[in-house]
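The structure under discussion appears below in the form of C-alpha cells.
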Amino acid sequence: MNTIAADLEGTLTTGETWRGLAAWMQAHGRAAQYQWFFYRNLPGAVAARLGLQDRRAFQDRFMEGAAGLLAGLGQAELAAVSEWVVTNELWPKRRQDVLDELLRLRQDGRRLVLCSATFQPILEAFARRMGEGVVALGTPLEVEGGVFTGRLRGPVRSGAHKAEHLRKLLDGEVLYRAYGDSLPDLAMLELAEEPVAVYPEPRLRELALQRNWRVIG
C-alpha cells in the first residue's frame with residue numbers, strides 16, 4: 545500500500561479546465577470560436593444544472609467538444625496551452641491545505657497518482673508543479689504526425705473509466721488512500737483503504753459521513 549490517488553478539479557484546485565481554456569482562447573484571438581461553442585452547449589449546461597440530464601454525462605460531452613477547439617495544434621503548442629491553463633487558472637486556485645498533506649505523504653515515500661477527466665497534457669503540467677515523480681492519469685488526446693486531431697484517444701476518464709485506469713496502474717497493489725470531491729470520484733475512492741472526501745459536494749458528504757470516511761473541509 546504505497547500509492548495514493550487524488551482527483552484534480554474540486555479536490556486539489558477550485559479552478560476549472562474549461563475556464564482556463566476559455567481564457568486562453570480569449571487571450572489569443574479565438575474568443576468568437578469559443579463563444580460559438582459555449583452558447584451551442586448552453587442549453588445542455590442549464591439542463592444539467594437543473595437536474596434534467598445527467599451532469600457528468602454532459603460534462604464529458606463538453607470535454608469532448610472542447611478538445612475540438614484545439615485541433616491543429618502541434619505538440620509543443622499544446623504543451624504551451626496546458627502550461628498557460630495551469631499557470632493562469634488551476635494553480636492560482638489550488639487547495640494548499642490538501643497539497644501540503646500530499647507533500648507530507650510523498651516525503652514519507654508514497655507514490656502520488658493524479659486521476660482526472662482533465663486533458664492529459666494539462667494534468668501533466670499540474671503534476672509537474674507538485675514535484676518530480678507525480679503520475680498523471682488524465683484523458684489522452686489523439687495526436688497524428690505531431691499534430692492534435694481535436695479528438696480524444698478513448699473515453700473521458702471520469703467515473704468508472706477513471707477507476708479502471710487507476711486499477712490497471714496499481715496492477716494488484718492495494719491503494720493506500722484516495723482523495724475526491726464528488727460522486728463521480730466514488731469508484732476511485734472505493735478502491736482505497738482510506739477514502740477521503742475533500743470539500744465534498746452534498747451527496748458525497750452525506751455518503752462519506754454514512755461510511756465514516758474522513759472529510760476535509
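If you're matching positions, the sequence shown starts at 545 in my numbering and goes up one per residue. Every residue gets a Cβ at the ideal spot worked out from N, C-alpha and C, and that includes glycine. Owing to the predicted nature of the structure, the values given are computational and were not obtained by experimental measurement.
Check                                                                                                                                                       : Outcome
Hey, how far is the Cα of Arg584 from the Cα of Thr693?                                                                                                     : 21 Å
Using C-beta distances below 8 Å, list every residue in its chain close to Leu643, excluding the 5 sequence neighbours before and after it, in chain order. : Leu556 and Met674
Under the three-state reduction of DSSP, which class applies to Val630: helix, strand or coil?                                                              : helix
To which residues of the same chain is Thr558 closer than 6 Å at the C-beta, ignoring the five residues directly before and after it?                       : Lys637
Is it buried or exposed for Glu688, if we count other Cβ within 10 angstroms and need 16 for buried?                                                        : exposed
If we ignore side chains and look at the alpha-carbon of each, how far apart do Gly677 and Thr631 end up?                                                   : 20 Å
Taking the beta carbon of Ala571 as the centre, do at least 16 other beta carbons fall within 10 Å, making it buried, or is it exposed?                     : exposed
If you draw a straight line from the C-alpha of Trp580 to the C-alpha of Thr547, how long is it?                                                            : 42 Å
Using the rule of at least 16 other Cβ atoms within 10 Å of the residue's Cβ for burial, across every protein chain shown, is Gln664 buried or exposed?     : buried
Can you tell which of Gly609, Arg650, Ala601 and Leu667 has its C-alpha closest to the C-alpha of Phe582?                                                   : Gly609
What do you reckon, are the CB atoms on Arg701 and Glu686 nearer than 8 Å?                                                                                  : no
What does the Cβ neighbour count give for Gly653, buried or exposed, with the cut at 16 atoms within 10 Å?                                                  : exposed
Let me confirm a value: Glu737 is counted as buried when at least 16 other C-beta atoms fall within 10 Å, else exposed. Which label applies?                : exposed
In chain order, what are the residue ranges of uninterrupted alpha helix (DSSP H) at least 4 long that sit wholly in the region 626-699?                    : 640-651 and 664-673
Could you check what DSSP says for Leu727 in three-state terms: helix, strand or coil?                                                                      : helix
Could you tell me the distance, in whole angstroms, from the CA atom of Glu553 to the CA atom of Glu560?                                                    : 6 Å
With respect to the alpha helix (DSSP H) encompassing Glu708, which residues constitute its N-terminal and C-terminal limits?                               : Gly703 to Leu714
Given a cut-off of 8 Å, decide if Ala549 and Leu748 are closer than it, judged by their beta-carbon atoms.                                                  : no
Starting from the Cα of Ala566, find the closest Cα among Phe606, Leu647, Gly595 and Asp598 and give me that residue.                                       : Phe606
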